[in-house]
Amino acid sequence: MPSPTVRLQRAAPAGRDPITTTPAILPLTPDRTAEVEHLLDRAFGPDRRTRTAYKVRGDVAPVAGLSFMAVDEGAVDGGVLVGSIQCWPVALVDDHGTAHPLVMVGPIAVAPERQQDGIGRRLTTAALDAAAAHGLDAALMLIGDPEYYGRFFDFTADRTAGWRLPGPVERRRLLARGPAVPDAAGVLGPALRLAA
Ligand SMILES: CC(C)(COP(=O)(O)OP(=O)(O)OC[C@H]1O[C@@H](n2cnc3c(N)ncnc32)[C@H](O)[C@@H]1OP(=O)(O)O)[C@@H](O)C(=O)NCCC(=O)NCCS
């Protein structure tokens, strides 16, 4: 019976070490910003900033404490960044003018050569656990595939039908989770900060 480490070994180009380990999930630090941007370009394509999700979150800082990275630790100093997740403060301003704060989860990205190995699930779990620990998990939303985020994390489009976004969105991919998710008509956009 091979050891778990041996089982996880992957083929590597001649002369290079194989990837032998499960990556560590660590808090994302500002010094990794350039690597995250490069990873996002690879996972989503260089035109990613035109996506509706970027317009929803606007130009504000991510929510502190809810961003994580997956790092293949090894020969390279600081390890190789192979996944990341960040979360953003957003709000639905309903048609009566009431603002409902939410945490926007994502983008979640895993390096293409490391996908389908549980890293996305581990990153998402880390962010959701941190949101719970910070008392910020009552109203979460994201734009993503329900076949993934519904199946593993119970996000649904049940309460988002009335939300208006600053760009096109497939309604089935506009997902939310938590008891405080507003089931209301209104406009979703950036929030400067979140009240815990
Ligand atoms: C989507 C993404 C984050 C998933 O991470 P991952 O590490 O590759 O996936 P995991 O190993 O956690 O999960 C694998 C399982 O989820 C399924 N899965 C993965 N992506 C899926 C998707 N987009 N839709 C449906 N199912 C998906 C796989 O089929 C697999 O199922 P199985 O266990 O039954 O075989 C990753 O593929 C990625 O970075 N994609 C490009 C960027 C993106 O679309 N991000 C999400 C929007 S914010």
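Each residue of the sequence shown is one higher than the one before, starting from 1 at the first, in the UniProt record's numbering.
Note that CB positions come from ideal geometry on N, CA and C, so glycine has one too.
If you're wondering where the values come from, they're calculated on a predicted model, not measured in any experiment.
Among the options, which has the Cα closest to the Cα of residue i?
i, options, result
"A127", "R48, L66, I25, A53", "L66"
"H96", "V71, R42, P182", "P182"
"M69", "T33, A133, A157", "T33"
"P27", "D47, M104, Y148, Q86", "Q86"
"T22", "D117, I143, D154", "D117"
"V90", "F155, E113, G106, D158", "G106"
"I143", "D47, R42, Y54, V36", "Y54"
"R177", "L123, A185, D158", "D158"
"T29", "S84, V76, R151, V110", "S84"
"A109", "L192, D31, G186, E35", "E35"
"F153", "A133, G135, G120, A161", "G120"
"P112", "G79, D31, F44", "F44"
"A138", "R42, L192, A180, G78", "A180"
"T125", "R114, D145, Y149", "Y149"
Report the CB separation of residue i from residue j in whole angstroms; it is logged as a contact under 8 Å.
i, j, result
"L140", "A130", "Not quite, the Cβ-Cβ distance comes to about 12 Å (not below 8 Å), so this is no contact."
"R172", "L188", "R172 to L188, Cβ: 16 Å. No contact."
"V60", "P190", "5 Å"
"L81", "L39", "6 Å"
"R57", "W88", "4 Å"
"D94", "A184", "4 Å"
"L175", "T160", "7 Å"
"L92", "G186", "5 Å"
"D72", "G78", "With 8 Å as the limit, D72 and G78 do not qualify as a contact, their Cβ atoms being about 11 Å apart."
Tell me which residue opens and which closes the alpha helix (DSSP H) that residue i is part of.
i, result
"V56", "52–57"
"L136", "Careful: L136 lies outside any alpha helix (DSSP H) and carries neither H nor E."
"L39", "33–44"
"R114", "Note, R114: premise wrong, no alpha helix (DSSP H); not H, not E."
"P190", "First-last for P190: 186–190, but that is the beta strand (DSSP E), not the alpha helix (DSSP H)."
"R177", "Run containing R177: none in the alpha helix (DSSP H); it sits in the beta strand (DSSP E), 174–177."
"F68", "First-last for F68: 68–72, but that is the beta strand (DSSP E), not the alpha helix (DSSP H)."
"G150", "146–153"
Can you tell me where the beta strand (DSSP E) holding residue i begins and where it ends?
i, result
"L165", "Taken as a continuous stretch (DSSP letters only), L165 belongs to no beta strand (DSSP E), as it is neither H nor E."
"P27", "24–27"
"G83", "80–94"
Any heavy atom of ligand 2 closer than 8 Å to the beta-carbon of residue i?
i, result
"T21", "You won't find ligand 2 in this model; what it holds is ligand 1."
Using a strict less-than 6 Å threshold between each residue's beta carbon and the heavy atoms of ligand 1, what residues do you get? Matched residues: A43, F44, G106, P107, I108, A109, V110, Q115, Q116, D117, G118, I119, G120, R121, G144, D145, E147, Y148.
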